[in-house]
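Engineer: Have a look at this one before I ask anything.
Here you go:
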């Protein structure tokens, strides 16, 4: 009997908790419906900023607390973003005009669409075929890879450095996309790096009502730049 009473108690508590969190979804839907009746966008936003559910929870808190319905139930946007790995590699090579490098890049880009290999593997293989005996360090011993690649670096070391830099660029792009979506106020977005598709991000944004504005926000370019800096010991003699 005691166990039965405990089960009933837990069931009641879970039911109450479910009702509590579901109520945020109901409240959000109600506020959205009321806001939709207001034609002026500024007044509409002012309304959302002023309402409080149960006199405590502001509209934004309701959005964050409500049970996520997902794209299939709530609608929204689903986009695939791609970071151009060839462009990242070209920046790391300091936009070399070397004929072998340029040809290897061109061949790798052409093969990437139909190959199971990633771009860096294709580029390295093509460079070795086009310029047998030459080292990748001739191309990538640049200011951008200072401290990671030198003229004495082996091809394996150069390839490792390229992969690390590309991975860092993808991580940075992920963070940029996340920040832009957060600034837009999207609640419960889903951002994933696609397995086996280097440089691609899948972004799901439930409840988006201004898709064109969001598209422009996501498409805004961010420049990846490298700057040479100096430590205290290097600049001390000049102070």
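In the numbering used here, the protein residues as written are 14 to 252.
Ideal Cβ positions, reconstructed from N, Cα and C, are used throughout, including at glycine.
Here the structure is a predicted model, which is why all the values come from computation and not from measurement.
Report the residue from 108, 138, 207 whose alpha carbon sits nearest the alpha carbon of residue 148.
Structural biologist: 138
Engineer: Rounding to the nearest angstrom, what Cα-Cα distance links residue 140 and residue 207 in this structure?
Structural biologist: 27 Å
Engineer: I'd like to confirm the pairing. Which residues does DSSP put opposite residue 206 in its beta bridges?
Structural biologist: According to DSSP, which records beta bridges pairwise, residue 206 is partnered with 214.
Engineer: Here's the rule: buried if 16 or more other CB atoms are within 10 angstroms of the residue's CB, otherwise exposed. What is residue 163?
Structural biologist: With fewer than 16 Cβ atoms within 10 Å of its Cβ, residue 163 is classed as exposed.
Engineer: At the level of alpha carbons, what is the spacing between residue 247 and residue 131?
Structural biologist: For the pair residue 247 and residue 131, the Cα-to-Cα distance works out to about 40 Å.
Engineer: Which residues in the same chain have their Cβ closer than 6 Å to the Cβ of residue 179, if we skip the five residues on either side of it in sequence?
Structural biologist: 98, 101
Engineer: Please report the straight-line C-alpha distance between residue 145 and residue 136, rounded to a whole angstrom.
Structural biologist: If you draw a straight line from the Cα of residue 145 to the Cα of residue 136, it comes to about 13 Å.
Engineer: Are residue 44 and residue 64 touching if we call contact CB-CB under 8 Å?
Structural biologist: yes
Engineer: Per DSSP, residue 116 is paired with what?
Structural biologist: None, per the DSSP bridge assignment.
Engineer: I need the DSSP call for residue 91, collapsed to helix, strand or coil.
Structural biologist: strand
Engineer: Quick one: residues in its chain with C-beta nearer than 6 Å to the C-beta of residue 71, no 5 flanking neighbours on either side, listed in chain order?
Structural biologist: 65
Engineer: Of the residues 128, 47, 74, which one's Cα is nearest the Cα of residue 37?
Structural biologist: Here the closest residue by C-alpha is 74.
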